[in-house]
Amino acid sequence: MVDLSYCIPRSPAGRRACTYTDISVSQRQDGSPGIPQYTVQIVNSCMSPCAPRDIHLACGWFASAPLVNPKVFKRVNYDDCLVNNGNPLEHGMVIRFSYSNSFAYPLKFKSATFC
């Protein structure tokens with residue numbers, strides 16, 4: 001077995017620095033009639049005092065009717081959506097929003113700025 005613990009970045013407080021694996025993205029379809037509605041949840045589970053910011057998800061041609069609050073989630077380009085207006089996603093913070101479309105968009109982590 002190889003010890004790779006020395007490769008894990010540490011924050012100044014000795015905690016592990018945040019990585020993309022600390023940001024979870026999930027969505028589920030709600031049971032509403034008519035156009036399907038989906039609820040998305042984005043959570044930061046990292047305990048570092050330096051929260052990830054400028055989080056982007058791969059999102060295709062994401063669109064919704066009604067519109068999602070752009071301060072929460074906004075498509076800035078094809079396959080590039082910005083979370084939380086680029087602001088830090090603190091430990092335990094949950095971004096939750098709903099969108100309506102005839103199909104679910106595959107939302108996946110794309111990039112972020114980590115300390």
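In UniProt numbering, the protein residues as written are 1 to 115.
We put the CB at the ideal spot given by N, CA and C, even for glycine.
| Asked | Found |
| --- | --- |
| Residues of its chain near Asp79, where Cβ-Cβ distance is below 7 Å and the 5 sequence neighbours each way are ignored | Ala58, Cys59 and Gly60 |
| Neighbourhood of Gly86 by C-beta, 7 Å cutoff - its chain only, sequence neighbours within 5 removed | Arg53 and Asp54 |
| Ala112 beta carbon less than 8 Å from that of Ile42 | no |
| Ordered list of alpha helix (DSSP H) runs contained in the segment 55 to 97, each at least 4 residues | none |
| Collapsed DSSP secondary structure at Tyr38 in the structure displayed | strand |
| Rounded C-alpha distance that separates Cys115 from Pro70 | 25 Å |
| Inter-residue Cα distance where the pair is Met93 and Pro33 | 30 Å |
| Burial state of Phe103, where buried means 16 or more other Cβ atoms lie within 10 Å | exposed |
| Alpha carbon of Gln27 to alpha carbon of Arg96, nearest angstrom | 9 Å |
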